[in-house]
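Student:
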Amino acid sequence: MRLRHIALAAGMVGVFCLPAHADARDISRDTLPANDGWAPEGEGTTGGSAADAAQVYTVTDRAGLVRALDGGSATPKIIRIAGTVDANTDDDGDHLDCADYATDGYGLKKYLAAYDPRTWGAAKPSGPQEEARQASAKKQAERVELLVGSNTTIVGLKGAVLKGGSLQVRNATNIIIRNLDLRDAYDCFPVWQPNTGGLGDWKTAYDTIWLTGSTHVWVDHVTLSDKGHPDADEPTYFARNAPNGHGSPVSVGSSDHRVGGPTAGRAESDACGGSCKTDLPGDRQGPAKQEPVVVPLGGTGLNLQPSGRGGRQSLGISTEGAFYAEGLVCVKPSSVEVADLVKSWNGSALHQTGTLFNGYPVDLLAIHNAYNSGSERDLTADVGWTPTLHTKIDSAEAADQQVARGAGAGRIP
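Taken in order, the sequence shown gives residues -11 to 401; the numbers are from our numbering.
Right, dumping it as structure tokens:
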């Protein structure tokens, strides 16, 4: 496995890290090498490497970042983030909190009282408080959703942090996002969904990176977390984990790219809806409540590391999805069974070799089919392809050690 290069080809994301002495190297004009995942296929992934000097920006606040992004234009551009950029700020740079976005009489206590399932029932929320929530959510979205256009490179300088924002890669191509600590894409106004999961659940709007309808995206050596509003600090409403404000660190839909490198976060690709190509090489998951990698119609995981102290699942195979996995490392608490690691939402196939679970070799496909056949569709071993666009694939044991040393922002060799 090559820790240096992690690519995105269909709606995916990755996370990585580096020793402090390496920060002197300018990575802003790096391009993704050939044969390193789906993203370099065809015309390759070069991001904003062709940008003129006038289109190279160093930004230190939200206003500067918004100007550099240029409304999601396709002009080649390089954006270097320095220090901590807070997306929840007004035009003067003053911090905004949830109360600043609330409008039309919205209030959490009012919302909870209006849609308490013991009195409201199982109907979808409607009426004044839901309308006020939607208006408030729109105000926040106008601040924190940051549209990334085609031919863009975003890199973090030493110690760079983007907090409270959601990088939106929609129907774009040729994007590079590297060496950046992305935190706390916090939704102040989650919606209550009474008919979800039996008891109902809260749905949040933001992910630190949102990829949809996009091609040739390389997300490399990034760290994704809820730092600032950790889920453990949030209360509980309606007997469900409270509106904790966090979606997935990364969501992927209807795209063609590769997410790779030891990551800190989770990639979710269940919204593809069409042909998706996603690489997930060498990702390291964080201690999220739920951290399954949800596989789209076609995905590869080479030296993938879906670890975490929270949820029981590590891999989810979405409708008609197929996943080719080699050298996986799954780390879970001792209370988690191997049969819990794979979840099939009417998926079709899983090819896996060389998997380690808490240090022991396991056959995820055989165990999934043996223990879950009564409740889930069996998976076959034939995914229909064999990955060829990749660098060296290490054993799970070797990859585990390399990822531990190299994952996340600040560790690009």
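Where a beta carbon is used, it is the ideal one built from N, C-alpha and C, also for glycine.
Please read these numbers as outputs of a predicted model, since none were measured by experiment.
Between the stretch 104 to 121 and the stretch 201 to 209, do three or more beta carbon pairs fall short of 8 Å?
Tutor: No contact exists between the stretch 104 to 121 and the stretch 201 to 209.
Student: Which partner residues does Phe177 have in the DSSP bridge list?
Tutor: DSSP, once it has assigned bridges, lists no residue as partnering Phe177.
Student: Does the beta-carbon of Arg68 have 16 or more other beta-carbons within 10 angstroms, so that it is buried, or is it exposed?
Tutor: Counting Cβ neighbours within 10 Å, Arg68 comes out buried, since at least 16 surround it.
Student: Could you name the residues of the same chain whose beta carbon sits closer than 6 Å to that of Ala56, not counting the 5 residues immediately before and after it, in chain order?
Tutor: For Ala56, where only same-chain residues beyond five positions count, the Cβ hits under 6 Å are Tyr45, Val47, Ile67.
Student: May I ask which residues mark the beginning and end of the alpha helix (DSSP H) holding Val54?
Tutor: Looking at the DSSP string, the run of the alpha helix (DSSP H) that includes Val54 is 50 to 57.
Student: Grab the span of the beta strand (DSSP E) containing Leu134 for me, first residue to last.
Tutor: Element bounds for Leu134: 133 to 135.
Student: Per DSSP, which one or two residues make a beta bridge with Trp190?
Tutor: BP columns for Trp190 point to Trp180.
Student: Under 6 Å Cβ to Cβ from Asn183, same chain only, skipping five residues before and after it: list those, please.
Tutor: Only Ala110 meet the Cβ criterion.
Student: Mind reading off the beta-carbon distance from Phe177 to Gln128? Whole number of angstroms is fine, and I expect it under 8 Å.
Tutor: Sure, about 7 Å apart at Cβ, within 8 Å.
Student: Along the chain, where does the alpha helix (DSSP H) containing Trp198 start, and where does it finish?
Tutor: No alpha helix (DSSP H) holds Trp198; the beta strand (DSSP E) holding it covers 197 to 200.
Student: Opposite Glu364 in the DSSP bridges: which residues?
Tutor: None, per the DSSP bridge assignment.
Student: Grouping DSSP H, G and I as helix and E and B as strand, with all else coil, what is His356?
Tutor: Of the three classes helix, strand and coil, the one that applies to His356 here is helix, per DSSP.
Student: Can you give the Cα-Cα distance for Glu256 and Ala173, rounded to whole angstroms?
Tutor: Any reading at Glu256 is ruled out, since the residue's pLDDT is 38, under 50, leaving its predicted position unreliable.
Student: For Ser323 and Ala90, what's the separation of their Cα atoms in angstroms?
Tutor: Those two C-alpha atoms are separated by around 42 Å.
Student: Name the residue from Arg158, Thr141, Glu133, Arg50 whose alpha carbon lies nearest to the alpha carbon of Thr33.
Tutor: Cα-wise, what sits closest to Thr33 is Thr141.
Student: Kindly indicate which three-state DSSP category Glu31 falls into: helix, strand or coil?
Tutor: Glu31: coil per DSSP, three-state reduction.
Student: Taking the alpha helix (DSSP H) that Asp74 belongs to, which residues open and close that run?
Tutor: Asp74 -> not in any alpha helix (DSSP H); beta strand (DSSP E) instead, spanning 72 to 74.
Student: Would you call the CB atoms of Thr211 and Gly396 closer than 8 Å?
Tutor: Contact: yes.
Student: Find the nearest neighbour of Trp180 within the set Thr374, Pro113, Arg17, judged by alpha-carbon distance.
Tutor: Closest by alpha carbon: Pro113.
Student: So for Glu118, helix, strand or coil by DSSP?
Tutor: In the structure shown, Glu118 sits in a helix (DSSP, three-state: H, G or I).
Student: Would DSSP call Gly147 helix, strand or coil?
Tutor: Looking at Gly147 - three-state DSSP - the assignment turns out to be coil, as it is neither helix nor strand.
Student: Classify Asp175: buried if its beta carbon has 16 or more other beta carbons within 10 angstroms, exposed otherwise.
Tutor: Per the 10 Å Cβ criterion, buried.
Student: Under a Cβ-count criterion, where at least 16 other Cβ atoms within 10 Å of its own Cβ denotes burial, should Tyr312 be classed as buried or exposed?
Tutor: Burial call: buried.
Student: I'd like the span of the alpha helix (DSSP H) that includes Tyr99, first residue to last.
Tutor: Element bounds for Tyr99: 96 to 102.
Student: At the level of alpha carbons, what is the spacing between Thr19 and Tyr94?
Tutor: Cα-Cα distance, rounded: 46 Å.
Student: Applying the 10 Å Cβ sphere with the 16-neighbour rule, what's the burial state of Tyr194?
Tutor: Flag for Tyr194 reads buried.
Student: Just to confirm before moving on: does the CB-CB distance between Gly335 and Ile355 stay below 8 Å?
Tutor: Cβ distance not < 8 Å, so Gly335 and Ile355 don't count as in contact.
Student: Taking C-beta to C-beta, are Gly153 and Leu134 nearer than 8 Å?
Tutor: Yes, the pair counts as a contact, with Cβ atoms nearer than the cut-off.
Student: In terms of residue numbering, what span does the alpha helix (DSSP H) encompassing Thr107 cover?
Tutor: Run containing Thr107: 105 to 108, per the alpha helix (DSSP H) assignment.
Student: For the beta strand (DSSP E) that contains Ala313, what are its first and last residues?
Tutor: It spans 310 to 314 - the beta strand (DSSP E) in which Ala313 sits, taken as one unbroken run.
Student: With burial defined as no fewer than 16 other Cβ atoms inside 10 Å of the residue's Cβ, what is the status of Arg50: buried or exposed?
Tutor: Buried.
Student: What residue range is occupied by the uninterrupted beta strand (DSSP E) comprising Ala337?
Tutor: Looking at the DSSP string, the run of the beta strand (DSSP E) that includes Ala337 is 337 to 341.
Student: Could you check what DSSP says for Gly60 in three-state terms: helix, strand or coil?
Tutor: Three-state DSSP puts Gly60 in a helix.
Student: How would you write the range of the beta strand (DSSP E) that Asp169 sits in, first residue to last?
Tutor: Element bounds for Asp169: 169 to 171.
Student: Measuring straight from C-alpha to C-alpha, what distance separates Gly147 and Gly186?
Tutor: Gly147 and Gly186: Cα-Cα distance of roughly 43 Å.
Student: With distances taken between CB atoms, is the gap from Arg13 to Ser37 smaller than 8 Å?
Tutor: Contact: no.
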